[in-house]
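Enquirer: Handing you this structure, nothing more for now.
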Amino acid sequence: MRELTVLYDAHCGLCRRFKDWLAAQHPAPDGYGGVVRLRFVAAGSTDARTLYPALDHDATLRDVTVIADDGSVYVGDRAWIVCLWATGEHRHTAVRLASPAMRPVARAIVQAAAGLRRMSGGDYADGCDGQCDREG
421 MRELTVLYDA HCGLCRRFKD WLAAQHPAPD GYGGVVRLRF VAAGSTDART
471 LYPALDHDAT LRDVTVIADD GSVYVGDRAW IVCLWATGEH RHTAVRLASP
521 AMRPVARAIV QAAAGLRRMS GGDYADGCDG QCDREG
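Numbering (this note's numbering), first residue to last: 421 to 556.
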């Protein structure tokens, strides 16, 4: 895996902050001598719909969605974990969170972030149904 595309809600302040934070991280080696590059595309946008026509684009506005260059799709806590994995500094944390024992912690972190999004005074995109704060 050499590139990940992160679909994020460009109308959500929390999502934009996560995207900016992630973009500022140093990429991790991919294990093959390269680095994991990150590309960011606004969820639900014309670009996202053109690049990934088979995705449920309404769902990508509720949950961070990551698509790997091999076609793998990661949603929710798995998407957050793979984003951390793509960074040099946080790859070890991602590996730990991906373990069966730590997955409930990863889910709780994602749900807490979604709750902050909901509590931030309606910082949802127009028409967002707020479902990202529920475990799915």
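Note that the Cβ used here is the ideal one computed from N, Cα and C, for glycine as well. A quick note: this is a predicted structure, and the numbers were derived from the prediction, not measured.
For residue 454 and residue 487, I'd like the C-alpha separation in whole angstroms.
Expert: 18 Å
Enquirer: Can you tell me the Cα-Cα spacing of residue 433 and residue 495, whole angstroms?
Expert: As the crow flies, the alpha-carbon of residue 433 is around 19 Å from that of residue 495.
Enquirer: When burial is assigned at 16 or more other CB atoms within 10 Å of the CB, is residue 508 buried or exposed?
Expert: It counts as exposed.
Enquirer: Within the continuous alpha helix (DSSP H) that includes residue 506, where are the two ends?
Expert: Where residue 506 is concerned, there is no enclosing alpha helix (DSSP H), given that its DSSP letter is neither H nor E.
Enquirer: Would the stretch 470-484 and the stretch 505-523 be scored as touching if the rule is three or more Cβ pairs under 8 Å?
Expert: no
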